[in-house]
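For this note's numbering, add 1 to where a residue sits in the sequence shown, where the first one is 1. We put the CB at the ideal spot given by N, CA and C, even for glycine.
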Amino acid sequence: MDVPFLLSKAQMRRIEPFFPLSHGIPRVDDRRVVSGIVYVIKHGLMWRDAPKGYGPHKTIYNRFIRWSRLGVFNRIFAELAGKAGEPDRIMIDATHLKAHRTAASLLKGGLFPDVSGAPRAG
2 MDVPFLLSKA QMRRIEPFFP LSHGIPRVDD RRVVSGIVYV IKHGLMWRDA
52 PKGYGPHKTI YNRFIRWSRL GVFNRIFAEL AGKAGEPDRI MIDATHLKAH
102 RTAASLLKGG LFPDVSGAPR AG
């Protein structure tokens, strides 16, 4: 199994109590699938671009959607954040984008100016 990232066994032990119980058919390896979910989200990939070692992309996607709707990930994050204690420092991101002054003129001429010579309406 060739996977670039895999949660450790200790990490899995911390989050396993929040997984829903399996009903009937046993689930595919939780460690592999959850690692695939983390990998896809961390790298901003589309589900179908997940490395094959994590299993079928449809399985990874379906598990993410199903567990998100059940609130599994919210409970995991809340528990992990609660055990972290008070942070030593807090940072606020004040990133903003400034539009260049010529950006407003794009609306007048349009993004693709008309070079056909045909008369314009308006």
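In this structure, the beta-carbon distance from Ile38 to Phe6 does not fall below 7 Å.
Just so you know, the alpha carbons of Glu80 and His97 end up roughly 32 Å apart.
Excluding residues up to 5 positions away in sequence, Ile16 and Phe19 lie with their Cβ nearer than 7 Å to the Cβ of Ile77 in the same chain. The residue among Asp31, Tyr55 and Asp30 with its C-alpha nearest the C-alpha of Val41 is Tyr55. Classified as buried, Ser36 has 16 or more neighbouring CB atoms from the shown chains inside 10 Å of its CB. By the criterion of a C-beta distance shorter than 8 Å, Arg49 is surrounded in its chain by His58, once the five residues flanking it on both sides are discounted. In this chain, the alpha helix (DSSP H) harbouring Glu80 covers Val73 to Lys84.
Arg32 is positioned such that its CB atom lies closer than 7 Å to that of Leu8. Taking a contact as a CB-CB distance under 8 Å, the pair Pro21 and Leu71 counts as one, their CB atoms being some 6 Å apart.
The C-alpha of Lys53 lies about 14 Å from the C-alpha of Val29.
Asn75 and Arg90 have their C-alpha atoms roughly 23 Å apart. For Ser23 and Arg67, the gap between their C-alpha atoms comes out near 13 Å.
If you draw a straight line from the Cα of Lys43 to the Cα of Lys84, it is about 22 Å long.
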